[in-house]
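Visitor: Would you mind keeping the following structure in view while I ask a few things?
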Amino acid sequence: MFSDRQLPHARYELLIENKRTGLNYNRAIKAGGIIAAVVIITCLTAYISWKSLKSFHDREFVKKLWELNLNNSDSVEWLKQRAELYGLAVKQYLDSNQSHTFTAVPPVITNKSPSSNIKAKTFRLVCYYSLPNSGIGGDLMPEEINPSLCTHINIAFAQITNGSLQPVNSTILGLYNRVVALKSGNPSLKVLLSIAGNSEPGSFSTLTATHANRKQFIKDVLAVLVQCKLDGLDFDWEFPAWQSDKKERVHFTQLLMELRDELNRRHSNLLVSVAVASPKPIIDDSYDVPQMVEYVDYVNVMTYDYHFYVWYLPMTGFNAPLYKHSDDIGYFATLNTNWTVSYWESKGMPKEKIVVGLPTYGHSFTLVNDANHGVSAPASGFGLLGSKGFVSYPQTCQFVAAEAATVFDRDSRAPYAYKNTQWISYDDERSLAYKAEYVASGGYGGAMIWALNMDDFKSECSNSGQNWFPLITKVKNVLEDDQL
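Using numbering that gives the first Met the number 0, read the sequence shown as starting at 0 and increasing by one per residue.
As structure tokens, this is what we get:
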């Protein structure tokens, strides 16, 4: 198993929570009996659900997920389905005959030391920005974004339709131009167009299937980038070759190669990045990492959605733990940022090209029993807060302000909050400071944020009314700290 690379003494440590002392002996016995009964019932329910899932052919199950209108403008539905695919990867691996023991991977040796990276201030702070009316995190206008907050802004999302880039109308072009206009306040800012799609017919799979299709796509997308004075292209294909035609992995690599060749000839200043998965089964199936290294400037690793409510795993868990929880064993010990980043290194991705994903959103759950409110507690569904379980940071602030109890887990470096039957895994300034320090001290290429829209961009969490984007600001401040 990967060893947890514990940080040196954290400079951003906050006060440790006071732990409550328990019930008296008799009440503890009764509560323990009730909790045990609930756990047994929940485990039986989960087992039955798990077994019933096996009656589905995995390919059919994935198809049903994509039939939930993936290509509409509801970004929350998009996020939910990625979380479902992450969960399916867990289910597939546990159902397989593969060993659940993970051996340590030797550290990747590079010629450039981490300290030289940090002193040269070569980090990236890549922030995804979901356009207004996208259904996620409120309608953040381009003009409300601090142009010096992020080093890169990825506009999310352009879409693939019928195997080609979806036509961009004047309204969308206008929004692109308004984001690019932020560069007048920060000339070093890079603005990229992120293109989303999946593996169903008519999307990326069709686009990449032939050389002619790939050539036409490259021509179309470069025209948009040049017209709008954008700085590059980000691919958010979720996910090539996984649970589908294995040729997609090869075709995706060919697309990256042909795009890079064209850029080298005509637009060498343009960047190419890829948003990539965290679960081991998807990484192994979807990416030819040694080839990707040659053609991409960096990868944005989506180190979140590790735990969320799903009917065949009905229990609470952390959305984006930095390290494994003390109770995590076997495959579940891989569901954390540290393990994923280490695995990407072991596959051949250089540290300086790994941009570590950090969420400004959380996941909500409804508990089966409000007396059992810890990590891995039985859950009956999404929480009441948020949309389909996705909770923005301002929503979390409101929940905590309404006298919810909060706990910071020392193992995972992650907080959660609960009140009655409602339970939320989220990130706050403290947990993100740990992650940013992990990125900086580890010599990685930077941090990626999903998303600007989910942070507190209206200062709803602060009484002062002056602390806009507090989470991303904390990440930025830690990355810029010369003492790390």
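From the three backbone atoms N, C-alpha and C, an ideal C-beta is built for every residue, glycine too. Please read these numbers as outputs of a predicted model, since none were measured by experiment.
Looking at the structure shown, is N176 part of a helix, part of a strand, or coil, going by DSSP?
Guide: helix
Visitor: At which residues does the beta strand (DSSP E) containing F381 begin and terminate?
Guide: A378 to F381
Visitor: Do you know whose CA, among E261, I448 and Y308, lies nearest G356's CA?
Guide: I448
Visitor: What does a CB cutoff of less than 6 Å around K228 pick up in its chain, not counting 5 residues either side in sequence?
Guide: V179
Visitor: Check whether the Cβ atoms of S375 and D455 lie closer than 8 Å to each other.
Guide: no
Visitor: Confirm, please, whether the CB-CB distance from D230 to K189 is below 8 Å.
Guide: yes
Visitor: Do V367 and A378 have their C-beta atoms closer together than 8 Å?
Guide: Yes, Cβ-Cβ distance for V367 and A378 is below 8 Å.
Visitor: So Y360 and Y308 are supposed to be a Cβ contact under 8 Å. How far apart are they, rounded?
Guide: Not really, about 14 Å apart at Cβ, beyond 8 Å.
Visitor: Compute the beta-carbon to beta-carbon distance between P358 and D287, rounded to the nearest angstrom, for a pair I have assumed lies under 8 Å.
Guide: Wrong, their Cβ atoms sit about 27 Å apart, outside the cutoff.
Visitor: Does the Cβ of V298 have 16 or more other Cβ atoms within 10 Å, making it buried, or fewer, making it exposed?
Guide: buried
Visitor: For L334 versus S411, is the C-beta distance shorter than 8 Å?
Guide: no
Visitor: Leaving out five residues on either side along the sequence, give the residues of the same chain with a beta carbon under 6 Å from the beta carbon of C149.
Guide: L124 and C126
Visitor: Measure how close the beta-carbons of K473 and L431 come, nearest whole angstrom, since I'm counting them as under 8 Å.
Guide: 5 Å
Visitor: Whole angstroms is fine: what's the gap from P414's alpha carbon to S272's?
Guide: 30 Å
Visitor: Report the three-state DSSP secondary structure of W310 (helix, strand or coil).
Guide: Correct three-state label for W310: coil.
Visitor: Which of helix, strand or coil does DSSP assign to Y342?
Guide: helix
Visitor: Hey, how far is the Cα of K434 from the Cα of A211?
Guide: 43 Å
Visitor: Taking all protein chains shown into account, decide if K323 is buried (16 or more other Cβ within 10 angstroms of its Cβ) or exposed.
Guide: buried
Visitor: Rounded to whole angstroms, how far is the Cβ of D233 from the Cβ of N153, which I believe are closer than 8 Å?
Guide: 5 Å
Visitor: Use the C-beta contact count for P313: other C-beta atoms within 10 angstroms, 16 or more gives buried, fewer gives exposed.
Guide: buried
Visitor: Looking only at its own chain, which residues have a Cβ that is under 8 Å from the Cβ of K352, when we skip the five neighbours before and after it?
Guide: V292, V295, D296, Y297, V298 and G444
Visitor: Using only CA atoms, which one of T302, I217, N318 and H306 lies nearest to T336?
Guide: T302
Visitor: For S169, which three-state DSSP category applies?
Guide: helix
Visitor: Tell me the residue span of the alpha helix (DSSP H) that contains M447.
Guide: That residue, M447, is in no alpha helix (DSSP H); its beta strand (DSSP E) goes G445 to W449.
Visitor: Once the 5 residues before and after Y128 are set aside, which same chain residues still bring their CB inside 8 Å of it?
Guide: L139, P141, I144, I152, N153, I154, A155, V178, A450, L451 and N452
Visitor: Kindly indicate the opening and closing residues of the alpha helix (DSSP H) around F364.
Guide: Looking at the DSSP string, F364 is not in any alpha helix (DSSP H); the run it does join, the beta strand (DSSP E), is Y360 to L366.
Visitor: Using a Cβ-Cβ cut-off of 8 Å (strictly less than) and excluding sequence neighbours within five positions of Y305, which residues of its own chain qualify?
Guide: Y85, S277, G316, F317, N318, A319, P320, L334 and N335
Visitor: With distances taken between CB atoms, is the gap from V300 to V340 smaller than 8 Å?
Guide: yes
Visitor: Just the Cα atoms here: how many angstroms apart are F122 and W241?
Guide: 31 Å
Visitor: Going by DSSP in three states, T485 sits in which element: helix, strand or coil?
Guide: Residue numbering for the chain in the displayed model covers 0 to 483; residue 485 lies beyond these limits and cannot be assessed.
Visitor: Buried or exposed for G347, going by 16 or more other Cβ atoms inside 10 Å?
Guide: With fewer than 16 Cβ atoms within 10 Å of its Cβ, G347 is classed as exposed.
Visitor: When you compare only the Cα positions, how much space is there between N23 and A370?
Guide: Any reading at N23 needs caution, since the residue's pLDDT is 42, under 50, leaving its predicted position unreliable; the model's value is listed next. Each residue's alpha carbon lies about 15 Å from the other.
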